[in-house]
Structures are given as C-alpha cells and as structure tokens.
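I have placed the structure first, in the form of structure tokens, so that the comments after it can refer back to it.
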Ligand SMILES: N[C@@H](CCC(=O)N[C@@H](CS)C(=O)NCC(=O)O)C(=O)O
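Numbering (this note's numbering), first residue to last: 385 to 587.
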C-alpha cells in the first residue's frame, strides 16, 4: 500500500495529483504545515528534515518530489507520464521537473511563505525581496517555452507539468502570471481542468 505524507496546499499535492492521474490506491498521512507534528523524531524517521512530501510504498520510504514522481511512474505506469530517461524527451522532462522545483517553486514558495503564513520567528524578509527580483524572469522562461504547446513537452501531459504547474500556480497567486503571460495563464487553466488535479485539491 502507498502512504503519502501530505499537507494540503503544499508540494505534496503534486504526489496526490500523480497518484490520482495513475488511479493508484493510496492512503494519506496528514500533516499540518509549520506545525510541531512535522518535526517529531517519529516523522523525521520518514523525512529527515521533517518536510513533505514523503512516501512509504510497501515499506520503501522516499522523499524529494521529483524522485517520488519518477519512482511511482517507473513502478506503476505503463510508460505514460514520463518519456524514457535515455531519450531527449526524457532528458527534457527531467530538465523541466528540476526547474519546476528549483528555482521555480523554491523562489515562489519563499516569497509566499516568508511574506505571510510562516511563523514570524522563521521569516527572512530578504528572501521576499530576492524572490520578487528573480520571479519575472522565471515566469518568462516558461511563457516562452509554452509558445505553440499545450503542455511543456508538447501535446502530451507529463509529470513535468505536475512539477511545473505547482510552482506556476503560486506564481499566478503572487500575480507574476497575468495578462502579460497568456500562455502561462491558459496552461494553468488547462491543468486545472484535469479531473485528477481537481481531486487532488480535495485531499
Ligand atoms: N525539494 C523538496 C522541498 C520540500 C519542502 O520544502 N516542502 C515544504 C512544503 S511545500 C515543507 O515541508 N516545508 C516545511 C519546512 O520546511 O519545515 C521537495 O520537492 O520535496
């Protein structure tokens, strides 16, 4: 059985989204962001930094979102959602998955968290300033790449869209995605129409 360590509205939504795309049975171990529950010795045996996401897949524990998505697709998909690693399409998928996490989600997440929901004692205002300076260029990279494409690899939806879509969603919330970035805006709307995405938001 697959257990997903999940906090709503966090990076672990990507893992739930993928599980829904694959039609995988899973159970959720719910955690609350910025709570002591994420930093217990017991949970640190699952994720050493006390973060989400992490999974326990029949006793195999794994953390870091990109690794989790690649593992689940490798084990449970019939080849859909991630082109073979040795192909150029596979290399591009990894490029966008990595970019989707760092810098895109790291920068957007820092702006969002350090300006708001993070407990005040942990906030670093300089990260918000640095993020705001860098964010437009990151969104511009995605905007240019989406020209003439439905999904980041072309016509087919993939795990790269899950990685990218999450960070881009924060960018839209922060208003770095706007009328000036119509491809990003339409792309997010396309992703949000997927039933698996909708279901993941309800978990
Ligand atoms: N690169 C990691 C980042 C994990 C991460 O920072 N997760 C956030 C949730 S969005 C978290 O757990 N933050 C709580 C904390 O840092 O204490 C991944 O993609 O899994």
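All residues carry an ideal CB built from backbone N, CA and C; glycine is no exception.
- Take residue 543, set aside five residues on each side of it, and the residues of its chain with a beta-carbon closer than 8 Å to its own are 402, 453, 454, 457, 465, 466, 477, 481, in chain order.
- Put simply, the backbone Cα of residue 423 is about 42 Å away from that of residue 531.
- For the options 526, 539, 421, the alpha carbon positioned closest to that of residue 556 is the one of 526.
- Apart from the 5 residues on each side of it in sequence, residue 518 sits with its Cβ closer than 6 Å to the Cβ of 491 in its chain, given in chain order.
- Shown here for residue 501: same chain residues with a beta carbon closer than 8 Å to its own, the five before and five after excluded, namely 417, 418 in chain order.
- Beta-bridge pairing by DSSP links residue 387 to 411, 440.
- Between the C-alpha atoms of residue 447 and residue 436 there is a straight-line separation of about 8 Å.
- With a cutoff of 8 Å on beta-carbon distance, residue 433 and residue 408 are scored as not near each other.
- Looking from the CA of residue 572, the closest CA among 449, 489, 546 belongs to 546.
- Judged by beta-carbon spacing, residue 488 lies within the 8 Å limit of residue 548, meaning their Cβ atoms are closer than that value.
- Remark: C-beta atoms of residue 554 and residue 496 approach each other more closely than 8 Å.
- Rounded to the nearest angstrom, the gap between the Cα atoms of residue 393 and residue 551 is 11 Å.
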